[in-house]
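Below is one structure, written out as structure tokens; comments come after it.
2 protein chains.
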Amino acid sequence: MNKRNDLGTEPCPVARSISVVGDRWSLLLVRDAFDGVCRFSDFQRSLGVARNILAERLRRLVDAGILETRPGSNGGAHQEYVLTAQGQSLFPVVVALRQWGERHLFEQGEPHSELVEKSTGQPLHFMAPQAADGRPISPGDTEVRKLA
Amino acid sequence: MNKRNDLGTEPCPVARSISVVGDRWSLLLVRDAFDGVCRFSDFQRSLGVARNILAERLRRLVDAGILETRPGSNGGAHQEYVLTAQGQSLFPVVVALRQWGERHLFEQGEPHSELVEKSTGQPLHFMAPQAADGRPISPGDTEVRKLA
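First to last, the protein sequences are chains R and H.
In terms of numbering that gives the first Met the number 0, the first sequence is residues 0 to 147.
In terms of numbering that gives the first Met the number 0, the second sequence is residues 0 to 147.
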């Protein structure tokens, strides 16, 4: 069985999410959208991606309900792409990717961009999975309960 | 500038993480490894992926320090793949993907697998980014402080 094309119907929520945002360009576009990028030309400048690929990925994210279009804020002809509520709720995914990268993919002292709270300038708390009652929980203390 | 190939040197930790795990197979392999899959044949059965692609992706994850190999636990000739400490620390990424999928990619009442605490059987707490002092924080209250 080739499961490549039917991840979107799997009973595993991780697989379904991956079917929607589990590729490099989609994840980078979502990151840029959180960062306030909204114009086609600005996504293109940020990612250095071919126009046809960019157009296709943006359309996929719109179809998936992650981005929506709106008229350009300057009254121009060009539409803008902004995160929907469903897209905004990818924030934990982006923050988790960021915090993992900060920990493991930079040399000691190597500078990197930081995600901070606007009002305080402080970096965010390190995000870690917790049990139902809030205790920190490690992977070994969890299990996946599959469908019968 | 084609940034496709140099994500791994970007000052953005999100981009670096995506350069390492931002593709469908890598994410699914990491998910399976958290789920206790460790043999080549079991990864193959789980993902339905061609042997050559699977071998290449496993090797990339080993090279990236996310998986490591060990002798087969049954004393057989086949090695096993297990998460390193660095790989284990992708747990928040996998949980965030799961929780987003649970919220947005299933119909009301549609069954899905669940990640639960072994000792209690309870699903994990919903993981959300927090400010430095623990207050919940929304994307609009954050900003990325780029390198000068």
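For every residue, glycine included, the Cβ atom is placed at its ideal position computed from N, Cα and C.
Predicted model, so just to flag it, every value in this text is computed and none were measured.
Margin query: Quick check on the burial criterion: 16 or more other C-beta atoms within 10 angstroms. Buried or exposed for L57 of chain R?
Written below: buried
Check: E116 of chain H bridges to which residues according to DSSP?
Finding: R:T141
Notebook entry, point to check: Who are the Cβ neighbours of R134 of chain H in its own chain at under 6 angstroms, not counting the five residues just before and after it?
Noted result: none
Note to self: Please report the straight-line C-alpha distance between T8 of chain H and Q107 of chain H, rounded to a whole angstrom.
What the structure shows: 42 angstroms
Checklist line | C-beta neighbour in chain H for C11 of chain R, strict 7 angstroms | finding: Closer than 7 angstroms to some Cβ of chain H, the Cβ of C11 of chain R qualifies, so yes.
Notebook entry, point to check: Would you call H77 of chain H buried or exposed, if buried means 16 or more other Cβ atoms sit within 10 Å of its Cβ?
Noted result: When all chains shown are included, H77 of chain H counts as exposed.
Item checked: Bridge partners - L28 of chain H, DSSP secondary structure assignment -> Answer is none; L28 of chain H lacks a bridge partner.
Item checked: Buried/exposed call for D5 of chain H, threshold 16 Cβ in 10 Å -> exposed
Check: Which one of R:M126, R:D132, R:S18, R:A130 has the shortest CA to CA distance from A131 of chain H?
Finding: R:M126
Notebook entry, point to check: Rounded to a whole number of angstroms, what is the C-alpha to C-alpha distance between R23 of chain H and R144 of chain R?
Noted result: Taken atom to atom, the span from the alpha-carbon of R23 of chain H to that of R144 of chain R is near 22 angstroms.
Next item on the list: Just the chain R side, please: which residues come within less than 8 angstroms of T141 of chain H by C-beta, in chain order?
Entry: Those within 8 angstroms of T141 of chain H in chain R are L114, V115, E116, K117, L123.
Note to self: On the DSSP letters alone, give me the boundaries of the alpha helix (DSSP H) that E55 of chain R sits inside.
What the structure shows: 50-62
Next item on the list: Can you pull the chain H residues whose beta carbon is under 8 angstroms from the beta carbon of H77 of chain R, in chain order?
Entry: What H77 of chain R touches in chain H: nothing, since even the nearest Cβ is about 22 angstroms away.
Checklist line | R15 of chain R vs G100 of chain H beta-carbon contact at 7 angstroms | finding: yes
Next item on the list: Output yes if chain H places a C-beta closer than 7 angstroms to the C-beta of E55 of chain R; else output no.
Entry: no
Checklist line | Under 8 angstroms from the C-beta of S16 of chain H: neighbouring residues of chain R | finding: L96, R97, W99, G100, L104
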